[in-house]
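Right, one structure below, let's go through it.
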Amino acid sequence: MSIIVNIDVMLAKRKMSSGELAEKVGITPANLSILKNNKAKAIRFSTLEKICEVLECKPGDILDYEKK
Amino acid sequence: MKVLGEKSLSSKVENGLKILFCIIAFIDIITFIVCAFNLFSNFTSMSMVENYLSKILLETIISIVILSTGIVALFIIYQFILVFKNLRENKLFESNNIKYLRNVSRLSVVISILYICCLVATSIILRQYGMFDTLNNILIETLIFVFAIVFLVFGVGIKILNEIYKKAIEYKEENEFTI
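Listed in order, the protein sequences are those of chains U and C.
If you're matching positions, the first sequence starts at 88 in the numbering used here and goes up one per residue.
If you're matching positions, the second sequence starts at 342 in the numbering used here and goes up one per residue.
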């Protein structure tokens with residue numbers, strides 16, 4: 088996938104653990120791990136919205152595009 | 342009626358296929374023994390009856406085709422047993438099922454090719470020895486042709502179904518990795 092998910096960077100900036108984020112967003116740690124490892128094929132707007140809300144950021148801060 | 346899982350239609354079909362597998366294997370062994378005995382007795386008692394050689398040739402070709410199609414049919418049934426085993430275990434969208442169905446499709450085409458080869462060989466022999474006019478021979482040729490077409494259509498049908506199945510697995514994976 089050319090879309091890179093940079094949740095790790097934001098988590099480090101906000102000093103938040105993955106488990107905490109998963110709990111606050113309402114997704115399982117396994118699904119968050121899929122997102123972090125760039126294995127996800129798609130992300131729902133509702134999930135993205137919650138992640139942005141919890142991490143106090145914009146979608147562009149989490150998602151990046153890298154040409155292959 | 343339950344279609345998938347334990348004690349369901351698929352488990353019954355799986356058991357039925359296992360029985361069919363044993364029956365075809367048994368028939369194959371019997372056919373092999375009968376054909377081998379027949380050919381051996383034909384070659385040992387080489388009396389020069391009219392069209393004798395052509396009859397031996399025909400019998401040999403038909404025996405080889407029957408035996409080889411029997412063996413290929415065993416492989417096809419085995420692949421179906423594996424598919425139904427997965428269905429019984431509720432493993433619907435397994436990538437292995439694609440592999441099994443692809444094998445079934447290829448093996449069906451192989452049977453069809455075998456029948457077409459048999460048809461060509463028998464018609465050449467029958468015409469060569471002027472035995473084509475009998476009703477029995479025309480009937481045998483028609484039957485072989487029908488079998489060839491049936492297996493070809495079956496193989497193509499399974500190939501199409503396999504492609505649909507492959508797409509379904511792709512969609513399932515996409516759905517699974519949507520967060």
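Don't be surprised by glycine CBs; every beta carbon is placed ideally from N, CA and C.
Within a Cβ cutoff of 6 angstroms, which residues of the same chain sit near residue i, ignoring the five residues on either side of it in sequence?
{"i": "C/ILE510", "result": "PHE434"}
{"i": "C/VAL424", "result": "ASN438, TYR441"}
{"i": "U/LEU119", "result": "SER105, ALA109"}
Cutting at 8 angstroms between CB atoms, please list the residues of its own chain near residue i, excluding the five before and the five after it.
{"i": "C/LEU345", "result": "SER351, LEU428, ARG429, ASN431, LEU433"}
{"i": "U/GLY113", "result": "LYS137"}
{"i": "C/LYS359", "result": "ILE422"}
Nearest CA to the CA of residue i: which residue from the options?
{"i": "C/SER464", "options": "C/PHE488, C/ILE365, C/SER395, C/TYR441", "result": "C/SER395"}
{"i": "C/LYS426", "options": "C/LYS353, C/LYS507, C/VAL406, C/TYR470", "result": "C/LYS353"}
{"i": "C/GLU400", "options": "C/LEU460, C/ILE370, C/LYS359", "result": "C/LEU460"}
{"i": "C/ILE457", "options": "C/GLN469, C/ILE371, C/PHE486, C/GLU347", "result": "C/PHE486"}
{"i": "C/ILE371", "options": "C/ILE407, C/LYS343, C/ASN356", "result": "C/ILE407"}
{"i": "C/LYS507", "options": "C/SER436, C/MET342, C/GLY496, C/LYS348", "result": "C/SER436"}
{"i": "U/LYS196", "options": "U/GLY147, U/VAL141, U/SER133", "result": "Since the first and last residues shown for chain U are 88 and 155, residue 196 of chain U lies out of range."}
Would residue i count as contacting chain C if we go by Cβ distances under 8 angstroms?
{"i": "U/ALA129", "result": "yes"}
{"i": "U/ILE121", "result": "yes"}
{"i": "U/LYS137", "result": "no"}
{"i": "U/ILE114", "result": "yes"}
{"i": "U/LYS100", "result": "no"}
{"i": "U/LYS155", "result": "no"}
{"i": "U/ASN93", "result": "no"}
{"i": "U/LYS111", "result": "no"}
{"i": "U/LYS126", "result": "yes"}
Establish whether the CB of residue i and some CB of chain U are separated by less than 8 angstroms.
{"i": "C/PHE518", "result": "yes"}
{"i": "C/GLU515", "result": "yes"}
Tell me which residues share the same chain as residue i and place their Cβ nearer than 7 angstroms to its Cβ, disregarding the 5 neighbours each side in the sequence.
{"i": "C/ALA462", "result": "ILE402"}
{"i": "U/ILE121", "result": "ALA127"}
{"i": "C/ASN503", "result": "ILE439, LEU442, ARG443, SER446"}
{"i": "U/ASP161", "result": "The question about residue 161 of chain U has no answer, for chain U in this structure spans 88 to 155."}
{"i": "U/ALA117", "result": "none"}
{"i": "U/LEU135", "result": "PRO146"}
Less than 7 angstroms separating the Cβ of residue i from some heavy atom of the ligand SAH?
{"i": "C/GLU482", "result": "The model depicted lacks the ligand SAH and carries no ligand whatsoever."}
So which residues of chain B does residue i contact, with C-beta pairs closer than 7 angstroms?
{"i": "U/ASN118", "result": "Of the protein chains in this structure, namely U and C, none is chain B."}
Task: Given 8 angstroms, three or more beta-carbon pairs between the segment 428–439 of chain C and the segment 475–493 of chain C - done: no
Open item on the list: Tell me whether the segment 476–487 of chain C and the segment 501–518 of chain C touch, counting them as touching only if at least three CB pairs, one residue from each stretch, are closer than 8 angstroms.
Closed with: The segment 476–487 of chain C, when compared against the segment 501–518 of chain C, does not touch it at the 8 angstroms Cβ threshold.
Task: Cβ contact check for the segment 414–429 of chain C and the segment 446–460 of chain C: 3 or more pairs under 8 angstroms - done: yes
Open item on the list: Across the segment 127–134 of chain U and the segment 375–382 of chain C, are there enough close Cβ pairs to call them in contact, namely three or more that are closer than 8 angstroms?
Closed with: no
Task: At least three beta-carbon pairs within less than 8 angstroms, the segment 141–152 of chain U to the segment 90–106 of chain U - done: yes
TODO: Check whether the segment 438–450 of chain C touches the segment 360–375 of chain C, taking contact to mean three or more Cβ pairs, one atom from each stretch, closer than 8 angstroms.
DONE: Counting Cβ pairs under 8 angstroms, fewer than three are found: no touch.
Task: contact_flag[the segment 348–368 of chain C, the segment 395–415 of chain C] where n(CB pairs < 8 angstroms) is 3 or more - done: yes
Task: Every unbroken alpha helix (DSSP H) inside the segment 102–135 of chain U [4 residues or more] - done: 105–112, 116–123
- [ ] Could I get the ranges of all uninterrupted alpha helix (DSSP H) runs contained in the segment 372–447 of chain C, with 4 residues as the minimum, in chain order?
- [x] 393–429
Open item on the list: Please give me, in chain order, every unbroken run of the alpha helix (DSSP H) with length at least 4 that falls completely inside the segment 446–519 of chain C.
Closed with: 476–517
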